[in-house]
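Below is one structure, written out as C-alpha cells; the observations come after it.
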Amino acid sequence: MQFQPGHLDNQQLIHLYRSLLLPRMIEEKMLILLRQGKISKWFSGIGQEAISVGATLAMDQDEWIMPLHRNLGVFTSRNMPLTELFKQWQGDINGYSKARERSFHFGSKAHYVCGMISHLGPQLAIADGVALAYQQRGQQKVSLAFTGDGGTSEGDFHEALNVAAVWGLPVIFIIENNGYGLSTPTNEQYQCEHLIDRAKGYGMEGVRIDGNNILEVYNTIKGVRKYCIDNQKPYLIECDTFRMRGHEEASGVKYVPKNLFDLWGERDPIKNYEEYLIEKSIITKEEVMAMRASIKEAIDADLHQVMETTPFSPTVAQEINDVFAPFTSDDIPTLDSLQAPAIQHKRFIESISDALRAAMQRYPEMIIMGQDIAEYGGAFKMTEGFINEFGKQRIRNTPICESAIVGAALGLSLEGIKSVMEMQFADFVTVGFNQIVNNLAKVHYRWGQNADVVIRMPTGGGVGAGPFHSQSNEAWFTHVPGLKVVYPSNPADAKGLMIAALGDPNPILYFEHKAMYRSVEGDVPDTYYQVPIGKANFVSKGTEVTIITYGMGVHWAKKYQTENTELSLTLLDLRSLAPLDYEAIAEAVATTGKVLILHEDNLTGGIGGELSAWIAEHCFTQLDAPIMRCASLDTPIPFNIILEKQYLANSRLHETMQKLLAF
Numbered sequence: 013m014q015f016q017p018g019h020l021d022n023q024q025l026i027h028l029y030r031s032l033l034l035p036r037m038i039e040e041k042m043l044i045l046l047r048q049g050k051i052s053k054w055f056s057g058i059g060q061e062a063i064s065v066g067a068t069l070a071m072d073q074d075e076w077i078m079p080l081h082r083n084l085g086v087f088t089s090r091n092m093p094l095t096e097l098f099k100q101w102q103g104d105i106n107g108y109s110k111a112r113e114r115s116f117h118f119g120s121k122a123h124y125v126c127g128m129i130s131h132l133g134p135q136l137a138i139a140d141g142v143a144l145a146y147q148q149r150g151q152q153k154v155s156l157a158f159t160g161d162g163g164t165s166e167g168d169f170h171e172a173l174n175v176a177a178v179w180g181l182p183v184i185f186i187i188e189n190n191g192y193g194l195s196t197p198t199n200e201q202y203q204c205e206h207l208i209d210r211a212k213g214y215g216m217e218g219v220r221i222d223g224n225n226i227l228e229v230y231n232t233i234k235g236v237r238k239y240c241i242d243n244q245k246p247y248l249i250e251c252d253t254f255r256m257r258g259h260e261e262a263s264g265v266k267y268v269p270k271n272l273f274d275l276w277g278e279r280d281p282i283k284n285y286e287e288y289l290i291e292k293s294i295i296t297k298e299e300v301m302a303m304r305a306s307i308k309e310a311i312d313a314d315l316h317q318v319m320e321t322t323p324f325s326p327t328v329a330q331e332i333n334d335v336f337a338p339f340t341s342d343d344i345p346t347l348d349s350l351q352a353p354a355i356q357h358k359r360f361i362e363s364i365s366d367a368l369r370a371a372m373q374r375y376p377e378m379i380i381m382g383q384d385i386a387e388y389g390g391a392f393k394m395t396e397g398f399i400n401e402f403g404k405q406r407i408r409n410t411p412i413c414e415s416a417i418v419g420a421a422l423g424l425s426l427e428g429i430k431s432v433m434e435m436q437f438a439d440f441v442t443v444g445f446n447q448i449v450n451n452l453a454k455v456h457y458r459w460g461q462n463a464d465v466v467i468r469m470p471t472g473g474g475v476g477a478g479p480f481h482s483q484s485n486e487a488w489f490t491h492v493p494g495l496k497v498v499y500p501s502n503p504a505d506a507k508g509l510m511i512a513a514l515g516d517p518n519p520i521l522y523f524e525h526k527a528m529y530r531s532v533e534g535d536v537p538d539t540y541y542q543v544p545i546g547k548a549n550f551v552s553k554g555t556e557v558t559i560i561t562y563g564m565g566v567h568w569a570k571k572y573q574t575e576n577t578e579l580s581l582t583l584l585d586l587r588s589l590a591p592l593d594y595e596a597i598a599e600a601v602a603t604t605g606k607v608l609i610l611h612e613d614n615l616t617g618g619i620g621g622e623l624s625a626w627i628a629e630h631c632f633t634q635l636d637a638p639i640m641r642c643a644s645l646d647t648p649i650p651f652n653i654i655l656e657k658q659y660l661a662n663s664r665l666h667e668t669m670q671k672l673l674a675f
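In terms of our numbering, the sequence shown opens at residue 13 and continues consecutively.
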C-alpha cells in the first residue's frame, strides 16, 4: 500500500489517523455491547473506515452526504457526539430519531447528513436534488452519495446517475465495493470487469481507487470535488475494499472464503496507515498508544453518561403530531373569507395552471419538474408558456425516470427549495412508489426533515385511454401516514387546493381528473387564496339521501340530482382524502340518515370502505339504512368506450340509489 501525502502536513496526516481510529474503536466497543444485549443491531464497517472518513473530511462541513449502513466514519467525522449517537443506537427517546429508527437509519440536518432507508438506491437521487439546489443558487458545493456493489443493481442507481449526467449536476457517487451484497458475491451482481466501467455509459468520468488507503481516498475526493464544481458535472468513484464482518452481526460470515480475511487483513486501513506514519517519524509508537488510550477513555466516559436509556411514557398525540411538519398558512386568505373578489370564468386546467404560475412568482426558487413539461408544455399543456416566463432552469424536462425525480425533489427540500413534480399520468407512479411511500412520507417522522414536495397526478377514466392511462389509484396513498392527498372537483377548489399544497411543507399528492381539464368550468377568484387541506365542502343539503364523493363523482352526483329533482340530496365533496374531514362527514350522515359513498376507484380497497367503516363505528345511531357503496368494477379499466362506461361507477349509481331508497 503506497501512501502519497501530497500537500498534507504532519498535523493533517495525524488528524486523518485519529479520525480513522475513532470509528474503529467505537465499533469494537459496540460489538461488545451488542453481545451484552445493550444495543440490538449493528452493521459493521470494520475494514472500510478509510472510505467514510476520507470522503467526509474531503468535503466541506456544510455539504450534504448521503451515507448507508457501514458509514460510521461519516457521522464521527461530522463531529456528531458519541453520547447522541449511542442514544440513537439504544433506541432512546432522546436519540436523533426519537426512538423511531435503528442503527444508521437516521439523519441530522445540523450535520448535513441525510438519513437512509433500507432500500439501497434512493439515497443517490436525493444527492441529485441537493446538487441541483447548489447549482440553482450558484454555490460552489457538491453533494456526495454512497452505495455498495449490491446497490448498483438497483434501478435507482441508473436513474440517479443518468439524471446527474443529463442535468450536469455536481454530485460525487461513491461505490463501496466490498465484494458482497449481504451474501451474494459480485460475480452474481454484475458482469462488467469493474463497476467504474459504467461511468462512460452515462457520459461521466470515473476512477477506481484503493478504498483502504486513507490518503488515496482523501486526495481523490478533494480533486474530484474541485472537478465537479469547476465543470458542473458528476463523477463516479469505485472504492475497492472488504467487509471484515457480516452484513450485520446476526448474519455471520460463513459464506465468505477464509483466505479472503487473511488477504484483506493485511490491507487493514488503520494498521497500514499507522505503520506508514511511524516509519516516516510523523508519529511515534508511544504517541499512538497515548492516542488510543485517550480515545478509549473518551468513549468510556461518553457511554457512561448515557448507558441507561431515558425512561419515558409514549403518547399517541406526540406520535401523530410528528408525522407531519408543523406549519401555518395564515398569511394566505381562504376561499370562504374572500370579500367580493374579482372573478374570471375558467376551465379546470386553467385554474391549476394559474395556481402554479402564481406560486412560481411567490416562491422564486420553486422548481417544476416532469416529462415534456418545458417547451412542449406537458402532455396536457398544463405548463404551456411557463418556460418563457420562468426559464428552463426552473421548468425542467426530466428523463423518463420517475423514482429519481421524486428523490431529487426530496433533495431540493433538504436545501429548503419547494418543487412540483408532474407524474405525466398517475398510472406511472408505480415506478416512483418507493420514494413516495418510504422516503417522502416517513422522513419527518423518522428524523424531523420535511419533504416540501407536491406531486401532480393526472388521473381518471372516461377518455378511452385504457388500463395504463386511466387508473384511479388515490386509495393506495391514503393508507400511508405522512402523505396528504387532495382531489378537487371544480376550478375554484382546484386553484385553492394547489395553492394550499404549495404552501404546505409536507409531501402532497394532488390528483386532477383528466376528463375535467377542459370540460369543467367555473368562476375563479383572481386573487391568491387557499382551500384548506382537510376541509370538505357541502355542495348541497337535502333530507332524503347523503352522497359522499369527490372528483368526478361530484359531477355524476350533481347530474343525478338534476335528472331526479324529486329527490332531496345532501352532497358532500370531500376535496381532501388524507386527511379526511370527519366532522363534515358526521354532519352529512346526520342530515339524512341514508348514506351512499360514490367514487371512481375500484370497489375493493377504495376509500369508500374506510368511510363506511368509520361511519358505522361513529355514526351508527344516525343511520336509517345500510351504508351503500357505488364504485367502479374490480377489473382493470378497459380501453373500449362501451366497456369503460360499464366499468365506471356512474353506470351503477341509479341502481345503488334505488337499493338505498328501498329501506
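From the three backbone atoms N, C-alpha and C, an ideal C-beta is built for every residue, glycine too. Please read these numbers as outputs of a predicted model, since none were measured by experiment.
Item, Value
"C-alpha distance - residue 579 paired with residue 344, whole-angstrom precision", "38 Å"
"Local conformation of residue 262 per DSSP, three classes", "helix"
"Sub-8 Å separation of residue 426 and residue 461 beta-carbons", "yes"
"Member of 607, 200, 128 whose CA lies at the smallest distance from the CA of residue 561", "607"
"C-alpha gap between residue 360 and residue 66, whole angstroms", "54 Å"
"Exposed unless 16 or more other CB atoms sit within 10 angstroms - verdict on residue 285", "buried"
"Secondary structure of residue 364, DSSP reduced to three states", "helix"
"Residues that residue 222 bridges to, as DSSP identifies them", "252"
"Spatial neighbours of residue 30 in its chain, beta-carbon cut-off 8 Å, leaving aside the 5 residues before and after", "303, 307"
"Same chain, Cβ closer than 6 Å to residue 428, five either side skipped, listed in chain order", "none"
"Residues of its chain near residue 527, where Cβ-Cβ distance is below 7 Å and the 5 sequence neighbours each way are ignored", "472, 474, 475, 564"
"Three-state secondary structure assigned by DSSP to residue 640", "strand"
"Bounding residues of the alpha helix (DSSP H) (the contiguous stretch that carries residue 378)", "No alpha helix (DSSP H) contains residue 378, which DSSP labels as neither H nor E."
"Rounded C-alpha distance that separates residue 488 from residue 616", "12 Å"
"Inter-residue Cα distance where the pair is residue 301 and residue 14", "24 Å"
"Short Cβ contact (8 Å threshold) for residue 497 with residue 521", "yes"
"Three-state secondary structure (DSSP) of residue 409", "strand"
"Whole-angstrom distance between residue 662 and residue 143, CA atom to CA atom", "47 Å"
"Outcome for residue 319 when other beta-carbon atoms lying within 10 angstroms are tallied against a minimum of 16", "exposed"
"7 Å Cβ shell around residue 407 - same chain, five flanking residues per side excluded", "380, 385, 386, 395, 398, 399"
"Assumed close pair residue 152, residue 241 - CB separation to whole angstroms, cut-off 8 Å", "5 Å"
"Three-state secondary structure assigned by DSSP to residue 542", "strand"
"Residue 137 Cβ short of 7 Å to the ligand NAD heavy atom set", "Of ligands this structure carries none, so the ligand NAD is not represented either."
"Start-end ranges of the alpha helix (DSSP H) lying completely within the segment 110-175, minimum 4 residues", "134-149"
"Cα-Cα separation, residue 121 to residue 667", "56 Å"
"CA-to-CA distance, residue 598 to residue 314, given in whole angstroms", "54 Å"
"Between the CA atoms of residue 582 and residue 109 - distance to the nearest angstrom", "45 Å"
"Residue from 237, 204, 186 with nearest C-alpha to residue 222", "186"
"Coil, strand or helix - residue 537 by DSSP", "strand"
"Residue 596 versus residue 549: straight-line alpha-carbon distance, rounded", "8 Å"
"Stretch-stretch touch, CB-based, cutoff 8 Å, three pairs: the segment 645-661 with the segment 623-634", "no"
"For residue 434, the first and last residue of its enclosing beta strand (DSSP E)", "431-434"
"Outcome for residue 269 when other beta-carbon atoms lying within 10 angstroms are tallied against a minimum of 16", "exposed"
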